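All residue numbers for the sequence shown refer to the UniProt record's numbering, where the first residue is 1 and numbers rise by one. Report on the structure given below.
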Amino acid sequence: MTLLQNSQLEELSKKSWQYHAYNHFKNKIIDKEKLFPCIPATQAFSLNHLRYGFVGSPIRPETSKELAELLKDYSINYKDFGKYTSLIVFFNTPQELKLKSSVEDFEVFFWQHLINLNNLDEVQWPVKIPKNPDNPFWEFCFHGEQYFMYCATPAHKNRKSRYSPYMLLAITPRSALMEFNTNEQYALKVKNQIRSRLKDYDTLPIHSSLNSYGKKDNFEWKQYYLHDDHTELIQCPFIKRNNN
């Protein structure tokens, strides 16, 4: 699996699913009328800090191995991509799967891939990161790196910020998020702008699960996959293996 840049994706066949997935993502990011809520993502795109990858169907067992290969490569090299970098992964999502799968179905696919990634991880879970997802300092880790996970799906309708015609993961290193928060005054201003944009972008109020890493009432896992209403899972599906 290969990590790609914006310029390489522009050269893809216009008839390919890969180009369609990327082009939809790009158009959301650069839209000047309906502003995409995540301001750091728009900055990362314009600075060419984002890297991209394509994997198979969300329900295909081999897809997790492809995802693990991409994320390993990214984990080794992401510090060379720019301080606002994220990895954007598009899943080849067949039309039949889009039509029959609910938000809850895609949620199952999402968590199964995270569990599979953990099983495929060649590096031990960082000692400083709790293994209990209900700890406010827990977050997903792979190849020794800490990541924030964001999932968008074809089933999301109300939360348009979480809609993608192809299942999509945006994987952001904790270091990139820390860089963003270096200037607290600026970070607070941008966070307020993000929330303001979210209110305009989605047809539902901001989900109550959205919070800040490390706060006592924060749970990172609840923010990875938002429902298309106000509900949320009671328990995190991810269980950290004690032997890794």
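Ideal Cβ positions, reconstructed from N, Cα and C, are used throughout, including at glycine. What you are looking at is a predicted structure, and each value in this text was computed from that prediction instead of being measured.
If you compare the alpha carbons of A44, E104 and E62 with that of F91, the shortest gap goes to E62. With fewer than 16 neighbouring CB atoms inside 10 Å of its own CB, G144 falls in the exposed class. E107 counts as buried, since at least 16 other C-beta atoms from the protein chains shown sit within 10 angstroms of its C-beta. The Cβ neighbour count for G214, taken over all protein chains shown within 10 Å, is under 16; the residue is labelled exposed. Inter-segment contact for the region 158 to 167 and the region 11 to 27 is present: three or more beta-carbon pairs are separated by less than 8 angstroms. With the rule of 3 Cβ pairs closer than 8 angstroms, the region 79 to 91 does not count as touching the region 124 to 133.
Non-local C-beta neighbours of T203 in its own chain, meaning closer than 6 angstroms and more than five positions away in sequence, comprise N158, ordered along the chain. In this model, K100 and T182 are separated by some 44 angstroms (Cα to Cα). Here L67 really is in contact with V55; their C-beta atoms are around 5 angstroms apart, less than 8 angstroms.
When DSSP states are grouped into helix, strand and coil, Q185 belongs to the helix group. D134 is positioned such that its CB atom lies no closer than 8 angstroms to that of C38. Along the length of the region 158 to 209, whole alpha helix (DSSP H) runs at least 4 residues long occupy 174 to 180 and 184 to 201, reported in chain order.
In the DSSP secondary-structure assignment, A152 is bridged to L168. Pairing F36 with Y225 gives a Cβ-Cβ distance that is not under 8 angstroms. Around the CB of L188, fewer than 16 other CB atoms lie within 10 Å, so the residue is classed as exposed.
In the structure shown, L226 adopts coil according to DSSP, grouped into three states.
According to the DSSP secondary-structure assignment, F140 is paired through a beta bridge with Y147. Secondary structure of Y52 (DSSP, three-state): strand.
A direct Cα-Cα distance of roughly 14 angstroms separates S175 from M149. I88: not part of any alpha helix (DSSP H); member of the beta strand (DSSP E) spanning L87 to F91, first to last residue.
Y84: not part of any alpha helix (DSSP H); DSSP gives it neither H nor E.
Annotated three-state conformation of L35 is coil, per DSSP.
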